[in-house]
Amino acid sequence: MHVTGPRALPLIASERLARLSRDHRARLERFFRRRGCPAAVAEDLTQEVFARLAAYPRIEDIANPGAFLTKAAANLLRDTAKAARRRPTAPIDGAADALLVDPITPERILAGRQDVALVSQALADLETRTQRMFVMHRIEHLRHRDIAAHFGLSVSLVEKCLRSAHGHLAEQVRRQRLRKQAAQAPAFVLEQAA
1 MHVTGPRALP LIASERLARL SRDHRARLER FFRRRGCPAA VAEDLTQEVF
51 ARLAAYPRIE DIANPGAFLT KAAANLLRDT AKAARRRPTA PIDGAADALL
101 VDPITPERIL AGRQDVALVS QALADLETRT QRMFVMHRIE HLRHRDIAAH
151 FGLSVSLVEK CLRSAHGHLA EQVRRQRLRK QAAQAPAFVL EQAA
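Numbering of the sequence shown is given in UniProt numbering, commencing with residue 1 and proceeding in unit increments.
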């Protein structure tokens, strides 16, 4: 039976989509693998290209489907890379893994509160604008260029201010650790060091 009229359009589009998938799927998977994607990721990305194509309003109007799909694949790869760069990640190593299973003790709670107080004091030492930049970047996860636009400054000046803030905080934490180590060291060790 041959379908005509408005109901024929989805059928024609789905037939064309199936044909394009059959004709170009392997080539798109190779495209992704040549760009460093593992086979499973290449399959997923290829499937995403066809999912996006299925949402395209006029599949039948695509004059050069091979070029269209290659461009869609390149755009998807770029979008995926951008999203990965924006997503904050932190590798979990053995020390961080230990923190996940350690019980919360009163000592850890006290140490955490002391660390928060130390960072708060170190931030208070900074110029107000630099404080705000630090919070915008580290807490609100804004990019340097967004912070620069907010303050009407250059990106390089924002980067300089953030380096200064990080350096100040790192120095304060280092000094606090040295004070703790000195307080915990036996008296004879302190005498030998002097």
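All C-beta atoms in this analysis are idealised placements derived from N, C-alpha and C, irrespective of residue type, glycine included.
Quick caveat, the model's predicted, so the values are computed rather than measured.
One thing to note: E159 has its Cβ within 9 angstroms of the Cβ of H144. In the three-state scheme derived from DSSP, where H, G and I count as helix and E and B as strand, H168 is classed as helix. Boundaries of the alpha helix (DSSP H) around G66: P65 to R86.
Counting the other Cβ atoms within 10 Å of the Cβ of A122 gives 16 or more, which makes it buried. Cβ atoms of A165 and T130 come within 8 angstroms of each other, at about 5 angstroms. DSSP, read as helix, strand or coil, puts G36 in coil.
Contact annotation: A26 and R52 have beta-carbon atoms that are not nearer than 9 angstroms.
For the pair L69 and H24, the CB atoms are nearer than the 9 angstroms cut-off. For H144, the enclosing alpha helix (DSSP H) starts and ends at H144 to F151.
Going by C-alpha positions, L45 is about 15 angstroms away from L20. Around the CB of V116, fewer than 16 other CB atoms lie within 10 Å, so the residue is classed as exposed. For P106, the uninterrupted alpha helix (DSSP H) segment begins and ends at P106 to D125.
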